[in-house]
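Be aware that the sequence shown starts at 471, since it is given in this note's numbering, and climbs by one per residue. Think of the CB as a built atom: it goes at the ideal place given N, C-alpha and C, for glycine as much as any other residue. All values reported here derive from a predicted model rather than from experimental measurement. For reference, the structure discussed in these notes is given below.
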Amino acid sequence: MPELIKLYIRSALWGLVLAALFVGILLWFNVANLGALVFGSDAGVVAVLALWISNAVVFGGVQFGFKIMAMAERDETPRGGTPVGPALRPVLVPAKAAKPGRRA
């Protein structure tokens, strides 16, 4: 199996673990009265499952993105480059004085 697929699967599993912790903390501390709502409802299991899976997608995606971006090699080439066109020089532009009583 390619290394990238293995990395994605590991990231998805970490996302599941982190989402389980996050949802557990949300329910334990009753954030926004969510714990009481879930435990007092007959569809609470479905709500917890939906919350867990949706957060797992987010946390897994963040894990995968972080790992992929951490793989980048440092580019040590000089920045700025050389000018392409002629050198830019400031040009004086004469300005007419505004007439009294008129705004510019």
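Quick check on residue i: buried or exposed, where buried means 16 or more other Cβ atoms within 10 Å of its Cβ?
i, result
"residue 529", "buried"
"residue 561", "exposed"
"residue 527", "exposed"
"residue 516", "exposed"
"residue 503", "exposed"
Look at the alpha carbon of residue i and the alpha carbon of residue j, and state the distance between them as a whole number of angstroms.
i, j, result
"residue 570", "residue 564", "19 Å"
"residue 481", "residue 531", "7 Å"
"residue 520", "residue 549", "47 Å"
"residue 541", "residue 484", "18 Å"
"residue 493", "residue 499", "10 Å"
Going by C-alpha to C-alpha distance, which of the options sits closest to residue i?
i, options, result
"residue 491", "518, 509, 502 and 472", "518"
Should residue i and residue j be called a contact, given that it needs their Cβ atoms to be closer than 9 Å?
i, j, result
"residue 501", "residue 495", "yes"
Would you identify the three-state DSSP class for residue i, choosing helix, strand or coil?
i, result
"residue 455", "The displayed coordinates of the chain run from 471 to 574. Any statement about residue 455 would go beyond what the structure contains."
"residue 471", "coil"
"residue 499", "coil"
"residue 489", "helix"
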